[in-house]
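Report on one structure; see the data block that follows.
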Amino acid sequence: MKRSLIGLDRAQLAQALAEIGVPEHARKMRVSQLWHWIYFRGARDFDEMSNVSKDIRAQLAETFSLDRPEVAVEQVSNDGTRKWLIRLPAETAGEKPHDVEAVYIPESDRGTLCISSQVGCTLSCTFCHTGTQRLVRNLTAAEIVSQVMIARDRLGEWPGATRAEGTAAEGEAPRLVTNIVFMGMGEPLYNFDHVTNAISIIADGEGIGIGKRRITVSTSGVVPEIGRLGDASGTMLAISLHAVRDELRDEIIPLNRKYPIKVLLDACRNYPGVSNARRITFEYVMLKGVNDSEKDARDLVRLLKGIPAKINLIPFNPWPGTKYECSDWDTIERFSEIVFKAGYASPVRKPRGRDILAACGQLKSETQKLSARERMALRAMAMTD
Ligand code: SAH
Ligand code: SF4
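Numbering-wise, my numbering puts 93 at position 88 of the sequence shown, and it's gapless, one number per residue.
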C-alpha cells in the first residue's frame, strides 16, 4: 500500500520529496506547494496540483497517496450533529484496526469539531465510557490531523467543494469547522508530542488555519504537562474538574491521587498566557447525588477565585452499566444559578447528538461494540430526556 501524505508536517513532506529524488534546493518550494494543495485545498489527487510539474506529480503518485483513513460509519443527528467512526489501520501486522470517533457540533455562531487523541484511555475515570475500554494506543499526529481533514471532506468545506446537505451554505458561513476541542477519546496530555505536532499543523495559517485560540485541549489534570502545553502550543486549556474535594475527586478521577486539586489549580494559575481574555474552562459533569449539591456549587466558585475561568456544566451522559445518573434538571438549574450569580455566564452545556450517541464520554471504539440490547437501552434513555 502506498504511504499517505495526509497529516505529515513540513519536515516529513520534505523527506517524502527527498525519497522521490527532488533535490534539496528545490524541496522548500515544493513543500509549500504540497502544503497548499493538501491542507488549504484538500486535494484528493496529485493531478489537481496544477502548479507542480507533471513529472513530480507522477513520481509522487507512484510512491504516495492522498488517502484519508476510512470512515467506517457516518451518522447525522436530527440536531445537525455528525459523528464519524474512523478506522485506523493496524500499526503492526496481525493487529486489528482501531476505531476512533470525531464529532461535529454546529451552533449558530461556530462549528466545533471534537477529536480523539488516543484509542481508549489509560485513565479510568469512573463516569467515563472511554475509560472502560481496555485497548489503548496513542494516535499519531497524522491520525489526529486526519480527523480534521475528514470533517472538511464530509462537510464539503474545501474551497470549491459542494457543501454537505443540511450544513450552512457558503454565503451563510465562510467556515463550518471553526473550533477544535480535544474532548473525544483519550487523554491528550498523555500523547503530548503527537498532539502538539498535530496542533501546529492544524493551526498553520497557510493550510487548515484553525488558530490556536480556537483549539482547546481538555485534560483530566496531568499537571506536569500543563505548563508545557502552554509553552509548546499556546492553545486554550480545559480542565475536567468535576469535584471540589480531593476525597471525591480521588474516587471519580483516580489521577487526582497523584495530582490533587490544589496542585492542579496552581498549574492553572501559572498556565502560560492565561488572562481574562484567555480563560481556562473548567468542566463539571453533573452526577446525581454525587457532586451536585448547593454547597458544591458554592465551593466551586470559591475554589476558582482568582483564576481567569469559565465554568462548563455538563449533564452526565449515561452509558450501559454505569452506576451514575445525571442530576435532575432542577438541581442543575440551582447549581448553575449559584455559578451564574458569582459572575460566570450561561454555563450549562446543551446535550447534542444524543440520538447518535455522540456526546462527551460516550465515545468507545467499535472494537468493543455495544450489544444490541445496550443500544436499545441507550436510545430509550435519550428519548426520555
Ligand atoms: N481525557 C480528557 C479529554 C477527553 S474527555 C479529559 O478527561 O478531560 C472530555 C470531557 O468529557 C471531559 O470533561 C470528561 O470528564 C467528560 N466526560 C467523560 N465522560 C462523560 C460522561 N459520561 N458524561 C459527560 N461528560 C463526560
Ligand atoms: Fe480518560 Fe478523560 Fe475519560 Fe478520564 S474522562 S477516562 S481522562 S477520556
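A virtual CB, placed ideally from N, CA and C, is assigned to each residue, including glycine.
Proximity test, residue i beta-carbon vs the ligand SAH heavy atom, cut-off 7 Å
i	result
residue 82	no
residue 187	yes
residue 37	no
residue 319	yes
residue 162	no
residue 200	no
residue 247	yes
residue 322	yes
residue 332	no
residue 223	yes
residue 288	yes
Straight-line gap, residue i to residue j (C-alpha atoms, nearest Å)
i	j	result
residue 192	residue 59	43 Å
residue 138	residue 151	22 Å
residue 269	residue 318	19 Å
residue 297	residue 249	10 Å
residue 47	residue 355	32 Å
residue 259	residue 357	27 Å
residue 327	residue 52	51 Å
residue 253	residue 132	12 Å
residue 395	residue 265	The chain is shown only over 6 to 390; residue 395 falls outside these bounds and no answer can be derived.
residue 339	residue 236	38 Å
residue 286	residue 271	15 Å
residue 335	residue 308	23 Å
residue 372	residue 122	The predicted model places residue 372 with a pLDDT of 41, which falls under 50 and marks its position as unreliable; any figure quoted below should be read in that light. Looking at the two C-alpha atoms, the distance is approximately 17 Å.
Identified DSSP bridge partners for residue i
i	result
residue 184	117
residue 314	285
residue 353	318
residue 228	According to DSSP, residue 228 bridges with nothing at all.
residue 273	Its beta-bridge partners do not exist; DSSP assigns none.
Helix, strand or coil at residue i [DSSP, three-state]
i	result
residue 135	helix
residue 127	coil
residue 179	coil
residue 383	With a pLDDT of 43 at residue 383, under the threshold of 50, the predicted position of this residue should be treated as unreliable, though the coordinate-derived value follows. Helix at residue 383.
residue 203	helix
residue 9	strand
residue 292	strand
residue 390	The predicted position of residue 390 is uncertain, since its pLDDT is 33 and thus under 50; no value can be drawn from it.
residue 377	Model confidence at residue 377 stands at a pLDDT of 45, short of 50, so the residue's coordinates are unreliable; what they give is reported in the following sentence. If DSSP states are grouped into helix, strand and coil, residue 377 belongs with the helices.
residue 261	helix
Lining residues of the ligand SF4 - beta-carbon closer than 5 Å to any non-hydrogen atom, in sequence order
126, 128, 130, 133, 135, 136, 192 and 225
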